[in-house]
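J.:
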Amino acid sequence: MSATHLSDNQRARSAIFKRLREIPVSPLPAPDVQAYFRAQPTVLVQSSANRIERFITQAKSWRTEIIEATPGTWQEYVAEVVQKKSLQRLLAGRGTSFSEGLNRALGNKLSWYDEDLSEIKPILFSETDAGITTVRSGVAETGSLIVWPTHNEPRSLSLVPPVHIAILYASDIVETLFEAVSTQNWASGMPTNALLISGPSRTSDIQRTLAYGAHGPKELVLILIRDDVANTQARA
Amino acid sequence: MSVTEHIVRPEDFKLRSRESVADPKLRGNFRGAMDFLIDKRAAQFPDNATFTLLRKVGETTRKHALSRLPDLLDQLEINLQRLGVNVHYAENSADANRIFLEIAKKHHADMMIKGKSMVSEEIELNQAMATEGIECIESDMGEYILQIDGDRPSHIIMPAIHKTKQDIAKLFSEKIPGATYTEDVDELISMGRSVLRDKFRDARIGVSGVNFMIAETGTIALVENEGNGRMCTTIPDVHIAITGIEKVVEKLEHVVPLYALLTRSATGQAVSTYFNLITGPRRVGEKDGPREMHLILLDNGRTQAYREEKFRATLQCIRCGACMNHCPVYTRVGGHSYGTAYPGPIGSIISPHLLGLSGTRDLPTASSLCGACGEVCPVGIPIPEILMRLREAARNNSDGADQALRGQASARKMLEALTWKAWRILYSNSFLYRPFVFIATRLRWLTPTNQAGWTTSRTPLRPAPRAMRELLAQRNKQREKN
Ligand code: SF4
Chain A
1 MSATHLSDNQ
11 RARSAIFKRL
21 REIPVSPLPA
31 PDVQAYFRAQ
41 PTVLVQSSAN
51 RIERFITQAK
61 SWRTEIIEAT
71 PGTWQEYVAE
81 VVQKKSLQRL
91 LAGRGTSFSE
101 GLNRALGNKL
111 SWYDEDLSEI
121 KPILFSETDA
131 GITTVRSGVA
141 ETGSLIVWPT
151 HNEPRSLSLV
161 PPVHIAILYA
171 SDIVETLFEA
181 VSTQNWASGM
191 PTNALLISGP
201 SRTSDIQRTL
211 AYGAHGPKEL
221 VLILIRDDVA
231 NTQARA
Chain B
1001 MSVTEHIVRP
1011 EDFKLRSRES
1021 VADPKLRGNF
1031 RGAMDFLIDK
1041 RAAQFPDNAT
1051 FTLLRKVGET
1061 TRKHALSRLP
1071 DLLDQLEINL
1081 QRLGVNVHYA
1091 ENSADANRIF
1101 LEIAKKHHAD
1111 MMIKGKSMVS
1121 EEIELNQAMA
1131 TEGIECIESD
1141 MGEYILQIDG
1151 DRPSHIIMPA
1161 IHKTKQDIAK
1171 LFSEKIPGAT
1181 YTEDVDELIS
1191 MGRSVLRDKF
1201 RDARIGVSGV
1211 NFMIAETGTI
1221 ALVENEGNGR
1231 MCTTIPDVHI
1241 AITGIEKVVE
1251 KLEHVVPLYA
1261 LLTRSATGQA
1271 VSTYFNLITG
1281 PRRVGEKDGP
1291 REMHLILLDN
1301 GRTQAYREEK
1311 FRATLQCIRC
1321 GACMNHCPVY
1331 TRVGGHSYGT
1341 AYPGPIGSII
1351 SPHLLGLSGT
1361 RDLPTASSLC
1371 GACGEVCPVG
1381 IPIPEILMRL
1391 REAARNNSDG
1401 ADQALRGQAS
1411 ARKMLEALTW
1421 KAWRILYSNS
1431 FLYRPFVFIA
1441 TRLRWLTPTN
1451 QAGWTTSRTP
1461 LRPAPRAMRE
1471 LLAQRNKQRE
1481 KN
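Here the protein sequences line up with chains A and B, keeping their order. So the first sequence is numbered by the numbering used here: it starts at 1 and just counts up by one. So the second sequence is numbered by the numbering used here: it starts at 1001 and just counts up by one.
1) Between the beta-carbon of B/Pro1352 and the beta-carbon of B/Leu1387, is there less than 8 angstroms?
2) Using a cut-off of 8 angstroms between C-beta atoms, extract the partners of B/Ser1190 located in chain A.
3) May I ask you to report which of helix, strand or coil DSSP gives B/Asp1012?
4) Can you find a C-beta in chain A that's less than 8 angstroms from the C-beta of B/Arg1442?
5) Would a check of beta-carbon distances place A/Arg89 closer than 8 angstroms to chain B?
6) What would DSSP say about B/Val1185, mapped onto helix, strand or coil?
7) Would you report the Cα separation of A/Val163 and B/Ala1090, rounded to the nearest angstrom?
8) Is B/Ile974 near ligand 1, judged by its Cβ being under 7 angstroms from some heavy atom?
9) Roughly how many angstroms lie between the CA atoms of A/Phe55 and A/Ala39, to the nearest whole one?
10) Between A/Gln233 and the rest of its own chain, which residues show a CB-CB distance below 6 angstroms, the 5 nearest in sequence each way excluded?
11) What residues match up with A/Arg267 in a beta bridge as DSSP calls it?
12) Taking all protein chains shown into account, do 16 or more other C-beta atoms lie within 10 angstroms of the C-beta of B/His1006, making it buried, or fewer, making it exposed?
13) Note down, in chain order, every chain A residue with its Cβ under 7 angstroms from the Cβ of B/Lys1251.
14) Which value, in whole angstroms, describes the spacing of the CA atoms of A/Gly95 and A/Asn152?
15) Spell out whether any CB of chain B is found under 8 angstroms from the CB atom of A/Val135.
16) Check whether the segment 1288 to 1304 of chain B and the segment 212 to 227 of chain A are in contact - that is, three or more C-beta pairs closer than 8 angstroms.
17) Helix, strand or coil for B/Asn1048, going by three-state DSSP, please let me know.
18) Hey, how far is the Cα of B/Leu1053 from the Cα of B/Val1249?
19) From B/Arg1406 to B/His1239, what does the alpha carbon distance come to, in whole angstroms?
20) What ranges does the beta strand (DSSP E) occupy inside the segment 1203 to 1282 of chain B, keeping only unbroken runs of at least 3 residues that lie completely in it?
21) To the nearest angstrom, how far is it from the Cα of A/Gly101 to the Cα of A/Ala166?
22) What residues in its chain sit with their C-beta under 6 angstroms from that of A/Arg235, if we drop five residues either side in the sequence?
23) Using C-beta distances below 8 angstroms, list every residue in its chain close to B/Lys1170, excluding the 5 sequence neighbours before and after it, in chain order.
24) For B/Arg1201, which residues from the same chain have a beta carbon less than 7 angstroms from its beta carbon, with the 5 sequence-adjacent residues on both sides left out?
25) Assess contact between the segment 1131 to 1144 of chain B and the segment 1219 to 1235 of chain B, defined as three or more Cβ pairs (one per stretch) separated by less than 8 angstroms. Is contact present?
26) Hey, A/Ser111 and B/Thr1273 are a contact pair by Cβ (cut 8 angstroms); roughly how many whole angstroms apart?
27) Less than 8 angstroms between C-beta atoms, sequence neighbours within five positions excluded: which residues of the same chain meet that for B/Pro1345?
28) Taking Cβ-Cβ distances below 7 angstroms as the criterion, which residues of the segment 141 to 169 of chain A are in contact with chain B?
29) For B/His1254, return the contacting residues in chain A, with the cut-off set at a CB-CB distance below 7 angstroms.
30) Hey, how far is the Cα of B/Gly1084 from the Cα of B/Pro1281?
31) Heavy atom of ligand 1 less than 7 angstroms from the Cβ of B/Ala1042, yes or no?
32) Answer with yes or no whether the minimum CB distance from A/Ala92 to chain C is below 8 angstroms.
33) Residue range of the alpha helix (DSSP H) that A/Lys218 falls in?
34) Go ahead and pull the three-state DSSP assignment for A/Thr142.
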């Protein structure tokens, strides 16, 4: 930045801080967010079994397509989705816990997000039918997915392709966003990008009519792997 | 693209509202939209007790943050710089626009793709960049519709609420090359989507607003449904975020209840499609995300609202729009009448600080003081009280204890002030009051039927034939007789 900018910024900064600091304001108490969420009825009453059911109901209300699968069979369900929606080009991140196995199950159909965005842009914007990503946690209260993009799974993978296929283990479903933020201690090391995703992209900007696929994915398919003990027989 | 034809000024509020009230189509659009939003919000807060509890947390969070504002800004800045974010301060719109221009020039950019940002409306970024030959393209569907029509937002959450789908169908068929007329909303949205996709892909600079900033982590949070905010902050090489200095909270956990309040109050959703937490630009080894990130922190009169305790709560606002959805005046006059970036009750309490009271002095009077705004505000801002304080400030000189606001007493009228002074003397002194009442009741037939502003829409005032005191005395006499 130029020297004039530095001085302008200094001038503005010190003027603003001067105005703020010359006002005697005594500090007010911090909110007890923890106490508030601990007192919430959902947290107090609900058991973890119907937590997953509630997650499913909520997620469906945002038009997330949910496919329940078992740890042994879930790849087949992905293959089924790919076939049913006739998805040609699939993009995923290399080196995740599932990528190699899934690629085999799909007959080596996966393409990898290996290059920098600037190089992969044409493929990402024009030729990719679906992006496949892992999900860090699910939120039962609102049916949301917590996605932390990484250098393997860049953030545009869950954003640009028209279909987002997300893979979540049922045991990773928490009750509330607050539970995830606090028990996973997010504040001690935030990633460049952390996302809460609830359904496919949408808008009501034209006469309040809900339409999907505004700018992000038009469809969100969630493969929910029922690794929770009580439900191993799900859809098997 | 012409924007000038729609520029309105807050000075013209009364004129514009009279026109709007006389426009049945516009009134119908707003009534329908507001009823829709009111119902959706109500479904999210089925009982008042739950709302009150959550609101208390939200209010405490915002009050706590404001009480430590300079410290939190310091902490935020340190954390942002550690992450490699360029932090800029802007005292006013000119400062902010200059910063945008410098960044654009540095990157030889003649186009920026924008997510929704009310602060960018406040500084009139698009107009300022246009004069420098830089095009700002709005990517929020509502904002995009308005931009290609040379129109302006009339609501802070649903900017194109005043347009019908027929209006938009016609507009798209005229303005988007190759588009045919259709009233199918899905088709209209996909037209907008495909035009804007190319822009996301090609833009060097993405611009966004900010919903919350977190001091302890240097994070900015964006709340949206469409995904255009994610696009603007992910695809272009440079990301510029702009917001007001008041949007900071201390801890990450503090945004969780605020987020719950925001989406529920704004559109009646338990969550938005995306809650996007950004902590710095792209890090080493990452394959996407902006390589350069800027945050512009704007004052533009906010420190004036901060200065006096009686106005400070104005800055608690999380821009949910619930106050306008529930405002009987806003619903009838529409968002454009206000002539400011922020319409409705929140606009009436914030605009006087941003623009000065002299131009905006009519806005605090645009309220029946029914109290609906204060009741629904998710962070407990006493909007009706603040409106009254601004009315007072517009009509009276500062009492000495408080510093004068910009434009203080600009609505003061000599005759009115004298009248009230006389009234006060008369009504606080019984030796003057009694003969005055006697004469006023006896000479009531002399009261003029044309009483300046009062009689333009009301029946004339007239003293009663007898004063209450006289009537009581009479009645007591009667009783004694009986
Ligand atoms: S004043 Fe309150 S109700 Fe109005 S927009 Fe701000 S937070 Fe929402």
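Beta carbons are placed, not taken as given, at the ideal position from N, Cα and C, and that holds for glycine.
T.: Inspection of the coordinates gives the following:
1) Locating residue 1352 of chain B in the second sequence gives position 352, counting from the first residue. Locating residue 1387 of chain B in the second sequence gives position 387, counting from the first residue. Their beta carbons are not under 8 angstroms apart, which means B/Pro1352 does not touch B/Leu1387 by this criterion.
2) Here residue 1190 of chain B refers to the residue found at position 190 of the second sequence. Neighbours of B/Ser1190 across chain A, judged by C-beta separation under 8 angstroms: Gly213.
3) Numbered from 1 along the second sequence, position 12 holds the residue referred to as residue 1012 of chain B. Correct three-state label for B/Asp1012: helix.
4) Start at 1 with the first residue of the second sequence, and residue 1442 of chain B comes out as number 442. Interface with chain A (8 angstroms Cβ-Cβ cutoff): B/Arg1442 is excluded.
5) If you number the first sequence from 1, residue 89 of chain A lands on position 89. Contact of A/Arg89 with chain B is not assigned, every C-beta pair being separated by 8 angstroms or more.
6) Working through the second sequence from its first residue, we reach residue 1185 of chain B at position 185. Residue state for B/Val1185 is assigned as helix, using DSSP reduced to three classes.
7) Position 163 of the first sequence holds residue 163 of chain A. Position 90 of the second sequence holds residue 1090 of chain B. Whole-angstrom Cα-Cα distance: 41 angstroms.
8) Only positions 1001 to 1482 of chain B appear in the structure, and residue 974 of chain B is not among them; the question remains open.
9) The residue given as residue 55 of chain A occupies position 55 in the first sequence. The residue given as residue 39 of chain A occupies position 39 in the first sequence. So the two alpha carbons sit approximately 20 angstroms from each other.
10) On the first sequence, position 233 is the one that residue 233 of chain A refers to. No answer about A/Gln233 holds up, because its pLDDT of 49 lies below 50 and its placement is not dependable.
11) Residue 267 of chain A falls outside the range modelled here, since chain A spans only 1 to 236, and no answer is possible.
12) Translated into the one-based positions of the second sequence, residue 1006 of chain B becomes position 6. A caution first: B/His1006 carries a pLDDT of 44, below 50, which makes its placement in the model unreliable, though a value can still be read off. By the neighbour-count criterion, in which 16 or more other beta carbons inside 10 Å mark a residue as buried, B/His1006 falls on the exposed side.
13) Walking along the second sequence from the start, residue 1251 of chain B turns up at place 251. Those within 7 angstroms of B/Lys1251 in chain A are Ala187.
14) For the purposes of this step, residue 95 of chain A is identified with residue 95 of the first sequence, where counting begins at 1. For the purposes of this step, residue 152 of chain A is identified with residue 152 of the first sequence, where counting begins at 1. Approximately 7 angstroms, taken between the alpha carbons.
15) The residue given as residue 135 of chain A occupies position 135 in the first sequence. Not an interface residue.
16) Judged by Cβ distances under 8 angstroms, the segment 1288 to 1304 of chain B makes no contact with the segment 212 to 227 of chain A, as fewer than three pairs qualify.
17) Position 48 of the second sequence, counting from 1, holds the residue named residue 1048 of chain B. Helix, per DSSP.
18) For this step, residue 1053 of chain B is matched to residue 53 along the second sequence. For this step, residue 1249 of chain B is matched to residue 249 along the second sequence. Approximately 19 angstroms, taken between the alpha carbons.
19) Taking the second sequence and counting its residues from 1, the one referred to as residue 1406 of chain B is at position 406. Taking the second sequence and counting its residues from 1, the one referred to as residue 1239 of chain B is at position 239. Rounded to the nearest angstrom, the two C-alpha atoms are 34 angstroms apart.
20) Within the segment 1203 to 1282 of chain B, the complete beta strand (DSSP E) runs of at least 3 residues fall at 1205 to 1208, 1212 to 1214, 1219 to 1224, 1238 to 1244, 1274 to 1278.
21) Looking up residue 101 of chain A in the first sequence gives position 101. Looking up residue 166 of chain A in the first sequence gives position 166. Each residue's alpha carbon lies about 15 angstroms from the other.
22) Translated into the one-based positions of the first sequence, residue 235 of chain A becomes position 235. With a pLDDT of 43 at A/Arg235, under the threshold of 50, the modelled position of that residue is not reliable, and the figure given next carries that caveat. Excluding residues up to 5 positions away in sequence, Glu68 lie with their Cβ nearer than 6 angstroms to the Cβ of A/Arg235 in the same chain.
23) In the second sequence, counting from the first residue as 1, residue 1170 of chain B sits at position 170. Taken in chain order, the residues that qualify are Tyr1181.
24) Looking up residue 1201 of chain B in the second sequence gives position 201. Around B/Arg1201: Ile1235.
25) In short, these stretches touch, since the Cβ pair count reaches three.
26) Reading the first sequence from its first residue, position 111 is the one you call residue 111 of chain A. Reading the second sequence from its first residue, position 273 is the one you call residue 1273 of chain B. Not quite, the Cβ-Cβ distance comes to about 26 angstroms (not below 8 angstroms), so this is no contact.
27) Within the second sequence, residue 1345 of chain B is the residue found at index 345, counting from 1. Counting only Cβ-Cβ distances below 8 angstroms, and skipping sequence neighbours, we find Cys1323, Met1324, Cys1327, Tyr1330, Ser1367, Cys1373, Ile1383, Leu1387.
28) Along the segment 141 to 169 of chain A, the positions whose C-beta sits under 7 angstroms from a C-beta of chain B are Thr142, Ser144, His151, Pro154, Arg155, Ser156, Leu159, read in chain order.
29) Taking the second sequence and counting its residues from 1, the one referred to as residue 1254 of chain B is at position 254. Using a Cβ-Cβ cut-off of 7 angstroms, B/His1254 is close to Pro31, Val33 of chain A, given in chain order.
30) Here the question's residue 1084 of chain B lines up with position 84 in the second sequence. Here the question's residue 1281 of chain B lines up with position 281 in the second sequence. If you take the alpha carbons of B/Gly1084 and B/Pro1281, they lie about 7 angstroms apart.
31) Taking the second sequence and counting its residues from 1, one reaches residue 1042 of chain B at position 42. Incorrect: B/Ala1042 has no Cβ contact closer than 7 angstroms to ligand 1.
32) The structure shown contains no chain C; its protein chains are A and B.
33) In the first sequence, residue 218 of chain A corresponds to position 218, counting from 1. For A/Lys218, no alpha helix (DSSP H) segment is defined, and its DSSP state is neither H nor E.
34) Taking the first sequence and counting its residues from 1, one reaches residue 142 of chain A at position 142. If DSSP states are grouped into helix, strand and coil, A/Thr142 belongs with coil.
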